Every structure is written in C-alpha cells, then in structure tokens.
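Heads up: the structure comes next, in structure tokens.
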Amino acid sequence: MTSAWTRQATATLIADWWRSVDRWLLAAFMILLVAGFMLSFAASPPVAERIGLEPFHFVKRHALFLIPSVMVMLGASLLTPRGVRRASFVILIGAILLMVAALFFGTEIKGARRWIDFGPLNIQPSEFMKPCFIVVCAWLLAEKVKRADVPGNLYALILLLIVTALLVAQPDLGQTMLVASAWGGLVFMAGLSWLWIVLLGGVGVVGAAGAYLMFDHVASRINRFWTGEGDTFQTDRAREAILNGGWLGQGPGEGTVKRLLPDSHTDFAFSVLAEEFGIIACMVLATLFAFVVLRGLSTALKQRDPFVRLSICGLVFIFGLQSIINMAVNLQLMPAKGMTLPFISYGGSSMLAIAMSAGFILALTRRRAENRSYTDQLVQRTMVLHGA
Numbered sequence: 001m002t003s004a005w006t007r008q009a010t011a012t013l014i015a016d017w018w019r020s021v022d023r024w025l026l027a028a029f030m031i032l033l034v035a036g037f038m039l040s041f042a043a044s045p046p047v048a049e050r051i052g053l054e055p056f057h058f059v060k061r062h063a064l065f066l067i068p069s070v071m072v073m074l075g076a077s078l079l080t081p082r083g084v085r086r087a088s089f090v091i092l093i094g095a096i097l098l099m100v101a102a103l104f105f106g107t108e109i110k111g112a113r114r115w116i117d118f119g120p121l122n123i124q125p126s127e128f129m130k131p132c133f134i135v136v137c138a139w140l141l142a143e144k145v146k147r148a149d150v151p152g153n154l155y156a157l158i159l160l161l162i163v164t165a166l167l168v169a170q171p172d173l174g175q176t177m178l179v180a181s182a183w184g185g186l187v188f189m190a191g192l193s194w195l196w197i198v199l200l201g202g203v204g205v206v207g208a209a210g211a212y213l214m215f216d217h218v219a220s221r222i223n224r225f226w227t228g229e230g231d232t233f234q235t236d237r238a239r240e241a242i243l244n245g246g247w248l249g250q251g252p253g254e255g256t257v258k259r260l261l262p263d264s265h266t267d268f269a270f271s272v273l274a275e276e277f278g279i280i281a282c283m284v285l286a287t288l289f290a291f292v293v294l295r296g297l298s299t300a301l302k303q304r305d306p307f308v309r310l311s312i313c314g315l316v317f318i319f320g321l322q323s324i325i326n327m328a329v330n331l332q333l334m335p336a337k338g339m340t341l342p343f344i345s346y347g348g349s350s351m352l353a354i355a356m357s358a359g360f361i362l363a364l365t366r367r368r369a370e371n372r373s374y375t376d377q378l379v380q381r382t383m384v385l386h387g388a
C-alpha cells in the first residue's frame, strides 16, 4: 500500500514538473551539456598527451561529471522558490567556509589557492558560491523592496565585501569582477537610486585600478592585451585556431593549431570549436547562450514575487556574462581571465555548479498559480465551479 502510494506521488510530482517546467530552457541547457561533452573529444586529447596521460583521460572525467550534473540540474529544478532560497543559504555558508579553508589548507596551482581536496576530488568552492550568492542577495534586496525598514541593501553589501575579500585573497580577480558585476546588476534591477549606483560604480573603477597596481599578473595581462608585447602565445594560438577554422571548420579531429594550446580543454575550448566546426558553429553556440539569457529575463518580467524576479535576472546575468567573457578572451577582445565557458569547458566544479545554477533557473521559472495574473486565476476558478 505504502509502495503504491509512493509510486503514485512520484508520478504526480514528475507529471506536475513536466507540465510546469520551461521546456525551452531545459532543452537549451541539455544541448549545451551534450555539446560540451562532444567537444571534449576534440579539445582534450592533445592536452592529455602533452602531460603524459592517456588520450581520453579528460574525456572520461568529463563524462564522469556529466551524469551527476544532469541529476543536480533536474533535482534543483524540482525545488520551490522557498526551497531554492533555503538551499542557497546552506550551500553559500558551506562554500564560504571552504573558501576560507582553501586559503590555509588548499592546493596551490599557479600561485593561487582556490581548490581544496576531498580524497580523489578537487573542489573549487567559489564556483558553488556564485549562484547561491546571487539568490541570497536577491532575497535580501527583495525584502528591502517589500519592507522599507529591512536593511537588505546593507546586508547585501556586507555579503559582497566578504565574498570579494575571499576571492581577492586567493587571488581570483576574474571571479571577483564577475561576482561584483552581477551584484551591481541586481542592485540596479532592485531600484537603487542613481546616486548610489554612480558611487558604487566609482568604487568598482578604483578597485580595478588597485588590482592593476597591486597584482603583477593582472598588470601583465592588461599590458600584453594593450601592447601585444610579451608572452601572448596562448591568445595568439587561440586567434590562429579561429582563423584556421573559417566558416565551416577543418572537420572533427582535423584541427592542428589546437595541439599547441595549453588550455584548449578549459579556457580556450571555444577556439577549438571554431577550428574544427567553424565560425557558424560558434555563432550557433553564442545564440544558445543569448537565448538562455533573453528567455530568462523575459520570464522574470512576468513574475509577481520580487525575490523570484531578481533571482532569475541575477542567475541568467552571471551565466551570460561568464559566457561573454570567455568568448571575448578567445577572440582577443579582452585580457585573459582564466574563466570557463558554461557547460562547454572541462572542469568538474564548474560543471556541477553551473548545473545547480541552471536547476535554480528552471525551478524559479516554472509556471505556478501564484505567478499568474488575477484574471487568469479568476477564469480558472470559474471553470472549476462550473465543472468545465
């Protein structure tokens, strides 16, 4: 009896989820996941061979994280807005604690302490912090919108300072810029006065100038970008790979310039896509990212709950901005940032965290009765009363 009831409840839950989920967004996320896995066959074998691993080492690891990522995304999409908020609080606290631990006990890679080891797993806590930070800040700002006496803006600012301080300490200035920009977008959408927006923008400019003066690697990257002098090997090869691909590409497995790219499977997967599948394929990929952002923003505008509206906007904003930064670096439109392309680049922490973010977006954009207009709800009640 209990087993039958459980099966019926599960079937009802899945049926309700399928009726209410945004299938267009779900399809876009699934296509990106599959595209990233397929591209790993082209982008990662040269890197594996170069460092003495078997050719499909990174492909296998990509596949290993693919299934959990799909499960995380679908599991998160079942949450209610309240469930998204609660999960974000818990994960954010855990991620911040792990970021602190990484500064003291983490693995140092290329002078940065961003990772912490859990047995065979190497986790980057800041990746999981980002979507949860956005959701929590959205809730704080929404509470300020609902009740003027709640200092939500102040708490959101304090949270930003804590997170950016930890990111700078690692150091990870690319993620710092990404998180601060997303926070600024949230504050703007929450209706903060123009005076505060100008002041905060000025603080951002001062912070960027300080990073240039204080961190040699930041100054070096910016100087190389502006002057073209110094070690520009990787960005030059990325541009060469894009040009070598032309409109239709060299064909799967036929790329040659990709073999010279040290990070072809992570930061420069977009260039590998261009060389082997062409600029048209890159345009299709960019269109998919744009579709997720525009679809998310369009759905957010229809939401009556300010928390849901701000959360969706913030999550798709950070998703789109990270995509733009990665593609811009590959096209030599920005200095190198070391930022992954969502769902496309290799990286377990990145893939799982972005899957969680996608799940939050799907959960928040699901069609619910409280998000419908009063007219729609009245029509529905009238139909039920008359047995229609």
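Just so it is clear: in the sequence shown, position 66 is 66 by full-length UniProt numbering, and no numbers are missing.
Just so it is clear, CB atoms sit at the ideal spot from N, CA and C, and this is done for glycine as well.
Note that this is a predicted model, so its numbers are computed, not measured.
Contact under 8 Å by Cβ, C137 with L159: Residue mapping note: residue 137 aligns to position 137 of the sequence shown, counting from 1. Residue mapping note: residue 159 aligns to position 159 of the sequence shown, counting from 1. A contact, by the Cβ cut-off of 8 Å.
Excluding the 5 residues flanking G202 on each side, which residues of the same chain have their C-beta closer than 7 Å to its C-beta? Here residue 202 is taken as the residue at index 202 of the sequence shown, counted from 1. The answer is none, since no qualifying residue turns up.
Name the DSSP bridge partner or partners of D117? Taking the first residue of the sequence shown as 1, we reach residue 117 at position 117. Note: D117 sits in a beta bridge opposite N122.
Quick one, are the C-beta atoms of R304 and S20 less than 8 Å apart? Residue 304 sits at position 304 when you count from the first residue of the sequence shown. Residue 20 sits at position 20 when you count from the first residue of the sequence shown. R304 is not a Cβ neighbour of S20, given a cutoff of 8 Å.
Following the continuous beta strand (DSSP E) through T107, name the residue where it begins and the one where it ends. Residue numbering aside, residue 107 sits at position 107 when the sequence shown is read from its first letter. Its beta strand (DSSP E) spans residues 107 to 109.
Alpha carbon to alpha carbon, what distance is there between E275 and R237? The sequence position of residue 237 within the sequence shown is 237, counting from 1. The sequence position of residue 275 within the sequence shown is 275, counting from 1. If you draw a straight line from the Cα of R237 to the Cα of E275, it comes to about 11 Å.
Cβ distance (whole Å) where Y155 is taken to contact L178 below 8 Å: The count along the sequence shown starts at 1 and reaches residue 155 at position 155. The count along the sequence shown starts at 1 and reaches residue 178 at position 178. That pair is no contact at about 21 Å.
Where does A148 sit, in a helix, a strand or coil, going by DSSP? Position 148 of the sequence shown, counted from the first residue, corresponds to residue 148. In this structure, DSSP gives A148 a state outside helix and strand, which the three-state scheme calls coil.
In terms of alpha-carbon separation, which member of K144, P68, A95, L64 lies closest to F307? By one-based count along the sequence shown, residue 307 stands at place 307. It is K144 whose Cα lies nearest to the Cα of F307.
Is it buried or exposed, W194, if we count other Cβ atoms within 10 angstroms and call 16 or more buried? Numbered from its first residue, the sequence shown carries residue 194 at position 194. By the neighbour-count definition (other C-beta atoms within 10 Å, threshold 16), W194 is an exposed residue.
At which residue ranges does the segment 273 to 356 contain complete alpha helix (DSSP H) runs of 4 or more residues, listed in the order of the chain? As far as the segment 273 to 356 is concerned, its whole alpha helix (DSSP H) runs of at least 4 residues are 306 to 330.
Taking just the CA atoms, how far does V168 sit from R114? Here residue 114 corresponds to residue number 114 of the sequence shown, with the count starting at 1. Here residue 168 corresponds to residue number 168 of the sequence shown, with the count starting at 1. Those two C-alpha atoms are separated by around 10 Å.
Do the segment 343 to 359 and the segment 58 to 75 make contact, defined as three or more Cβ pairs closer than 8 Å? Remark: three or more beta-carbon pairs, one from each stretch, lie closer than 8 Å, so the segment 343 to 359 and the segment 58 to 75 are flagged as touching.
Compare the Cα-Cα distances from G36 to each of L97, T80, W183, H62 and report the closest residue. Start at 1 with the first residue of the sequence shown, and residue 36 comes out as number 36. Out of L97, T80, W183, H62, H62 has the C-alpha closest to the C-alpha of G36.
Three-state secondary structure assigned by DSSP to A190: Numbered from its first residue, the sequence shown carries residue 190 at position 190. Coil, per DSSP.
Could you tell me if K60 is buried or exposed, where buried requires 16 or more neighbouring beta carbons within 10 angstroms of its beta carbon? In the sequence shown, the residue the question calls residue 60 occupies position 60. It counts as exposed.
For I109, does the count of other Cβ atoms within 10 angstroms reach 16, so buried, or fall short, so exposed? For the purposes of this step, residue 109 is taken as the residue at position 109 of the sequence shown. Classification of I109: exposed, given that the 10 Å Cβ count is below 16.
Can you say whether P55 is buried or exposed, counting buried as having 16 or more other CB atoms within 10 angstroms of its CB? Residue numbering aside, residue 55 sits at position 55 when the sequence shown is read from its first letter. In the assembly as shown, P55 is an exposed residue. Its beta-carbon has fewer than 16 other beta-carbons within 10 Å.
Entirely within the segment 26 to 99 and at least 4 residues each: give me those alpha helix (DSSP H) ranges in chain order. You should have 45 to 50, 57 to 77.
Quick one: Cα of L192 to Cα of S345, how far? Walking along the sequence shown from the start, residue 192 turns up at place 192. Walking along the sequence shown from the start, residue 345 turns up at place 345. If you draw a straight line from the Cα of L192 to the Cα of S345, it comes to about 35 Å.
Given D16, which residues of its chain have a CB within under 8 Å of its CB, disregarding the five upstream and five downstream residues? Sequence index remark: in the sequence shown, residue 16 carries index 16 (1-based). Cβ within range, chain order: n/a, list empty.
Residue closest to L315, alpha-carbon to alpha-carbon, out of A286, R85, S40, V34: Translated into positions along the sequence shown, residue 315 becomes position 315. Of the candidates A286, R85, S40, V34, the one whose C-alpha sits nearest the C-alpha of L315 is R85.
Among L53, S181, L273, the one whose alpha carbon lies nearest that of V163: Taking the first residue of the sequence shown as position 1, residue 163 is located at position 163. It is S181 whose Cα lies nearest to the Cα of V163.
Going by Cα to Cα distance, which pick from I325, A363, Q8 is closest to Q175? Position 175 of the sequence shown holds residue 175. The shortest CA-to-CA distance from Q175 to any of I325, A363, Q8 is the one to I325.
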